[in-house]
Amino acid sequence: MANHPGFGVLLTRLMNHRRKDVAWLASAAGIPETELRAVVAGTPPLASQLDALAPALGFHVADLYVIADVPVPVALTPREPAAGAAIVGLVQIMLALPTDQRAHVHQLIDQLSLDDDERRSPPPLVYDQHEAGSGALLANLLCLNRNLHSPTAAAKILALLTEGRVYLAASTISGIGRGRVALTADRVAGFATTLGIPGSDLAAITGVELRETSGPDDPLAAEMARLLWNCRRLTAAQVECVRDEADSMLVAVPDDAPGADWNRVRHHHGRWWGAPRH
Numbered sequence: 019m020a021n022h023p024g025f026g027v028l029l030t031r032l033m034n035h036r037r038k039d040v041a042w043l044a045s046a047a048g049i050p051e052t053e054l055r056a057v058v059a060g061t062p063p064l065a066s067q068l069d070a071l072a073p074a075l076g077f078h079v080a081d082l083y084v085i086a087d088v089p090v091p092v093a094l095t096p097r098e099p100a101a102g103a104a105i106v107g108l109v110q111i112m113l114a115l116p117t118d119q120r121a122h123v124h125q126l127i128d129q130l131s132l133d134d135d136e137r138r139s140p141p142p143l144v145y146d147q148h149e150a151g152s153g154a155l156l157a158n159l160l161c162l163n164r165n166l167h168s169p170t171a172a173a174k175i176l177a178l179l180t181e182g183r184v185y186l187a188a189s190t191i192s193g194i195g196r197g198r199v200a201l202t203a204d205r206v207a208g209f210a211t212t213l214g215i216p217g218s219d220l221a222a223i224t225g226v227e228l229r230e231t232s233g234p235d236d237p238l239a240a241e242m243a244r245l246l247w248n249c250r251r252l253t254a255a256q257v258e259c260v261r262d263e264a265d266s267m268l269v270a271v272p273d274d275a276p277g278a279d280w281n282r283v284r285h286h287h288g289r290w291w292g293a294p295r296h
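Going by the working numbering, the sequence shown opens with residue 19, and the numbers climb by one from there.
So, in structure tokens, the structure goes:
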């Protein structure tokens, strides 16, 4: 079981991977170089430092808190921890819809809002990164920071966004989070796709070398990764409403329709519902 190596080590790995140095990062983040060198040397980062480093490194601020193994501030946490199943259903439908209908759903999500006092206190990190290291880090980024929580929901999202290339059981996700199941190149690449984080960055953070040959970038998977992030601000009820709106866009697939011409989403009362591919 690999322990969390410390934020300073992970930050150094990222800088080395990007061929940047402390002076560059300090300037980009607006942090005194002496302060950043102390963090790199092992001083626990301050919240203000993480807030400044995240945009300089191209990370969501909440994700950098998880990477640093620091509790995510309440204001940066997902709204409600019960939205995972509805999010999976929404993503499954969105993957089938054409561009214009997906744009309508994205717009609907952007228009939904909540009062700040409706935000609930965040649960603790699901997996212990100090004990389980990189596996717990990735599981927390996906389960906690993407508001999925359930390993079952996380496993389904991984399979959907990687088109089945990373098809894991919920118990495997849990095992990764507990440091009992090894991280492989394919699994790290799958987490990267689902999280919307460059695979090379996750490889540097986890210390898992990716395969030299990788598939082409998938714009639709990247869009769904952004959708996961945007759904963090919604309650479970709101996600369910958005999912229902997306579901209403599905149409009955003709019985004689060629399989290659339709995205089939669900089978109900002897009929497939989905959307044409062209």
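Just so it is clear, CB atoms sit at the ideal spot from N, CA and C, and this is done for glycine as well. Being a predicted model, the structure only gives us computed values, none of them experimental.
Sequence-distant residues of its chain with Cβ nearer than 6 Å to residue i (five each side left out)
i    : result
I194 : G153, A157
A239 : L179, T211
P96  : N165, R250
S192 : P169
Coarse secondary structure for residue i, derived from DSSP in three states
i    : result
N165 : coil
V144 : coil
A114 : coil
T211 : helix
S131 : coil
E98  : coil
H124 : helix
P78  : As written in the sequence, residue 78 is His, which differs from the Pro given in the question. H78 falls in the coil class under three-state DSSP.
R31  : helix
E51  : helix
Y83  : helix
N158 : helix
R229 : coil
A203 : helix
A103 : helix
V109 : helix
V88  : coil
E258 : helix
E181 : coil
K174 : helix
R37  : coil
T224 : helix
R244 : helix
Cross-strand partners of residue i (DSSP beta bridge)
i    : result
P294 : W280
H285 : W290
V269 : G292
Close beta carbons around residue i, own chain, < 7 Å, minus the five adjacent residues each side
i    : result
R295 : D279, W280, N281
L160 : L166, A172, F209, T212, L213
M112 : R120, V123, M242, L245, A264
A187 : A173
G60  : G24, G26
L115 : A264, M267, A293
L54  : V40, L43, A44
V184 : L176, A177, D204, R205, G208
Residue of the options minimising C-alpha distance to residue i
i    : options                : result
A104 : G288, R261, H285       : R261
F25  : T52, Q67, P116         : Q67
R251 : G288, P73, A101, D39   : A101
V109 : V271, H287, H286, E258 : E258
T117 : H285, M33, P237        : P237
G151 : P23, A293, G182, S168  : P23
L94  : A80, I85, A86          : A80
T190 : R183, T180, L201, G182 : L201
P91  : Q129, S218, H78, A65   : A65
P272 : P96, V88, R36, A293    : A293
D274 : S266, S168, W290       : W290
P62  : H78, R36, P89          : P89
Y145 : D87, L132, S131, Q129  : D87
Residue i, buried or exposed, once every other Cβ within 10 Å from all chains shown has been counted against 16
i    : result
G277 : exposed
L29  : buried
N163 : buried
Q147 : buried
V57  : buried
V269 : exposed
Q256 : buried
S45  : exposed
Contacting residues, own chain, Cβ-Cβ under 8 Å from residue i (five flanking each side not counted)
i    : result
E227 : A203, A221
I175 : I105, V106, V109, L160, R164, L166, T212, L246
A41  : E51
L82  : L68, L71, A72, L75
I223 : L28, R31, L32, I85, S152, L155
D39  : M33
V206 : L156, G217, L220, A221, T224, V226, L228
S168 : G102, A103, C161, A188
L126 : V260, E263
C-beta neighbour in chain D for residue i, strict 7 Å
i    : result
H122 : In summary, chain D is missing from the structure at hand, where a single protein chain is found.
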